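Worksheet: one structure, shown below.
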Amino acid sequence: MNRTLSFVRLDFITVKPYATLKNLIIFVAVALIMIISSGGGSSAIGILMVYAVLFSSYPFAVGEKNGIDALYVTLSIKRSTVVLGRYLFAIIVDVCAGLLACAFTFAILALLRINFTVLETFIEALALLMILSLLQAVQIPIFFKLGYTKAKFMAYLPFLGLPLVVISFQYLVKDRVSSAQLTGLFEWIAANPVAVVLFCAFLWLAAMAISCKVSQGLYGKRDF
Amino acid sequence: MNKVLEVRNLNKNYDTFSLKDVSFEIPKGYIMGFIGPNGAGKTTTIKCILDMINYQSGDIRIFGHDSKDKEAYINERIGVVLDAPLYVEDWTMSDVEAALSPFYHRWDSIKYYSLLKDFGIGKKKKLKELSRGMKVKLMVAVALSHEAELLILDEPTSGLDPVAREELCDLLLDFVAEENRSILFSTHITSDLEKIADYITFILGGRVVFTGSKEDLIEKYVLVKGGRNEIGDDQRNFIIGLREHGTGFEGIAEAGNINKLPKTLLFEPVSLDEIIIYMNREAKSNE
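Line order of the protein sequences matches chains A and B. Here this note's numbering is used: the first residue of the first sequence is 10, the next is one more, and so on. Here this note's numbering is used: the first residue of the second sequence is 845, the next is one more, and so on.
Structure follows, in structure tokens:
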């Protein structure tokens, strides 16, 4: 585990030159613009978390440019450790960015005297975190298989495909499920929050575990 | 255990190139020159040794361990010096240390900064601000800072001026001066090896054509020059990489075949460079 954590640290050092003050200013400016234009915090948190997802792919981009996969081999870092470490890095970046986005948003909302509910915003951020990290679970194995440059187009398809999936789902549900059934489902969710959270956590963990295993298989076959 | 590195029957196939039964070994405490023209398979062999690429068959043992045995953390005992560092161009020298040191049990921070100082590399310099020679020195500093016992160098001197190459050769001689330290030095600039190598492995077209002491290789061949009419067709077969020009011919021949050639020919000692050139020419003419 120590080597995995050391690898996560190495990933942070890899992207450190890109974590600049300029990026932080953009981060704040984007949050401000989104809040002012929408009159609420959700869209600001959403856009900032998408920004974090992009940032979490930087080790692939920077690493490929500098041949860093070969460096990992010279450092006796097992390929399975590289994969596990990269997932941990992505999750840490997502969580930190989510917290930072919430903190910024709350501060700006308070300054602008716009009403907001902390718990509701946190739940929205958590749901978004899960959705984005599930998209990353599709994206990361593609990076491990092809490398950043070759994978760039394919790896961002899941993000473009998400609205399509949502629209298709709505279309399918509209004809097959009545509004009474949907209301019943939402009432059940509201009445059983613990079960819903546990179910979502299980789904998330399973998706991450499968994605990680696939990445290990793909990365193990790569030549550097 | 007298061998730091043993490569046995290594095979790696690409669509257009293959390593074929590559075998050689490095005795502890010596410098092995790994020579061959561009595209001969030097880098592929080194990548197999370091487990950067998957290979079809063969056995590679480093310090007596299977090179694929990840639990042995063999690469911790190896210093790798390539033609360019594998570090992020925007890293400062402190970033390099912060990134690498957790992976080396024997990392010596004081030694690292002392070596950088000796090499004239500032702590706050970014990698992209260093010259090629400085980058090579940085990689050597990293290797020395984690007490590497085997240095693997892949074309570190290509693109360096003679002064920087001389400095690197001196560093390598200092490195092997300490007991139990060995070097695998891959290059096509053989003049560096003439000065420092104890052993030579010569690879051509993915096949090892010679492995042994440098003296044995140099004594194995002689440079032959003569007039066009001085040798007959049968005798031409003894000349490797025969090149004919307006007034005569030149090539190399195995020392054991000298007595089969006319005594009127001119026989001279051969350099490593000449061995590569003529062997490569012979291989191309046989294609």
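Just so you know, even glycine gets a beta-carbon here, dropped at the ideal spot from N, CA and C. It should be emphasised that the depicted structure is a prediction, and the values quoted were computed from it without experimental measurement.
Any beta-carbon of chain A closer than 8 angstroms to the one on residue i?
{"i": "F1019(B)", "result": "no"}
{"i": "D934(B)", "result": "yes"}
{"i": "K969(B)", "result": "no"}
{"i": "D952(B)", "result": "no"}
{"i": "F947(B)", "result": "yes"}
{"i": "D927(B)", "result": "no"}
{"i": "V1053(B)", "result": "no"}
{"i": "V848(B)", "result": "no"}
{"i": "D910(B)", "result": "no"}
{"i": "S1078(B)", "result": "In the sequence under discussion, the amino acid at residue 1078(B) is Asp, which differs from the Ser named in the question. Chain A, which has no Cβ nearer than 8 angstroms to the Cβ of D1078(B), makes this no."}
{"i": "D939(B)", "result": "yes"}
Quick one: which chain A residues come within Cβ less than 9 angstroms of residue i?
{"i": "I972(B)", "result": "Before going further, note that residue 972(B) is Lys rather than Ile in the sequence given. Ordered by position in chain A, no residue passes the 9 angstroms Cβ test against K972(B), which lies about 10 angstroms from the chain."}
{"i": "D962(B)", "result": "Under the 9 angstroms cutoff, chain A gives no residues; its nearest Cβ is about 23 angstroms from D962(B)."}
Could you list which residues in chain B have their beta carbon closer than 8 angstroms to that of residue i, in chain order?
{"i": "V82(A)", "result": "L894, D895, M896 and N919"}
{"i": "T23(A)", "result": "V932 and A943"}
{"i": "K87(A)", "result": "K914"}
Tell me, please, whether the CB atom of residue i is closer than 8 angstroms to any CB atom in chain B?
{"i": "S15(A)", "result": "yes"}
{"i": "A79(A)", "result": "yes"}
{"i": "V91(A)", "result": "no"}
{"i": "R18(A)", "result": "yes"}
{"i": "P26(A)", "result": "yes"}
Let's test the definition: count the other Cβ atoms within 10 Å of the Cβ of residue i and tell me whether it reaches 16, buried, or not, exposed.
{"i": "V71(A)", "result": "buried"}
{"i": "D927(B)", "result": "buried"}
{"i": "V932(B)", "result": "buried"}
{"i": "C221(A)", "result": "buried"}
{"i": "Y956(B)", "result": "buried"}
{"i": "Y858(B)", "result": "exposed"}
{"i": "R1025(B)", "result": "buried"}
{"i": "L214(A)", "result": "exposed"}
{"i": "A112(A)", "result": "exposed"}
{"i": "I42(A)", "result": "exposed"}
{"i": "S901(B)", "result": "exposed"}
{"i": "L173(A)", "result": "exposed"}
{"i": "E1094(B)", "result": "buried"}
{"i": "V1066(B)", "result": "buried"}
{"i": "H1145(B)", "result": "No statement about residue 1145(B) is possible, as the shown extent of chain B runs from 845 to 1131 and does not include it."}
{"i": "V980(B)", "result": "buried"}
{"i": "R1009(B)", "result": "buried"}
{"i": "D1078(B)", "result": "exposed"}
{"i": "A992(B)", "result": "buried"}
{"i": "V175(A)", "result": "exposed"}
{"i": "D910(B)", "result": "exposed"}
{"i": "V102(A)", "result": "buried"}
{"i": "K912(B)", "result": "exposed"}
Which class does residue i belong to by DSSP, given the choice of helix, strand or coil?
{"i": "L169(A)", "result": "helix"}
{"i": "R867(B)", "result": "Note on residue identity: the sequence assigns Ser, not Arg, to residue 867(B). Of the three classes helix, strand and coil, the one that applies to S867(B) here is strand, per DSSP."}
{"i": "E1112(B)", "result": "strand"}
{"i": "Y1043(B)", "result": "strand"}
{"i": "S51(A)", "result": "helix"}
{"i": "L926(B)", "result": "coil"}
{"i": "D859(B)", "result": "coil"}
{"i": "G873(B)", "result": "coil"}
{"i": "T887(B)", "result": "helix"}
{"i": "D1117(B)", "result": "helix"}
{"i": "V71(A)", "result": "helix"}
{"i": "T1031(B)", "result": "strand"}
{"i": "A200(A)", "result": "helix"}
{"i": "D913(B)", "result": "coil"}
{"i": "V91(A)", "result": "helix"}
{"i": "I1084(B)", "result": "strand"}
{"i": "T936(B)", "result": "strand"}
{"i": "R905(B)", "result": "strand"}
{"i": "R852(B)", "result": "strand"}
How would you list, in chain order, the residues of chain B whose beta-carbon sits under 7 angstroms from the beta-carbon of residue i?
{"i": "G76(A)", "result": "L930"}
{"i": "P202(A)", "result": "The premise fails here: P202(A) is roughly 41 angstroms from chain B at the closest Cβ pair, so nothing lies under 7 angstroms."}
{"i": "V71(A)", "result": "V932"}
{"i": "P150(A)", "result": "Those within 7 angstroms of P150(A) in chain B number zero; the least Cβ separation is about 18 angstroms."}
Name, please, each residue of chain B whose Cβ falls closer than 9 angstroms to the Cβ of residue i.
{"i": "D232(A)", "result": "K891, M896, I897 and N898"}
Since I believe residue j is in contact with residue i (beta carbons under 8 angstroms), could you give me their beta-carbon distance rounded to a whole number of angstroms?
{"i": "V92(A)", "j": "F21(A)", "result": "With a Cβ gap of about 17 angstroms, V92(A) and F21(A) do not count as contacting."}
{"i": "T1034(B)", "j": "L1116(B)", "result": "4 angstroms"}
{"i": "D232(A)", "j": "N898(B)", "result": "6 angstroms"}
{"i": "I1027(B)", "j": "L1016(B)", "result": "6 angstroms"}
At a CB-CB cut-off below 7 angstroms, which residues of chain A make contact with residue i?
{"i": "V924(B)", "result": "T83"}
Is residue i close to chain C, meaning its C-beta is less than 8 angstroms from at least one C-beta of that chain?
{"i": "A204(A)", "result": "In the structure shown, chain C does not exist; the protein chains are A and B."}
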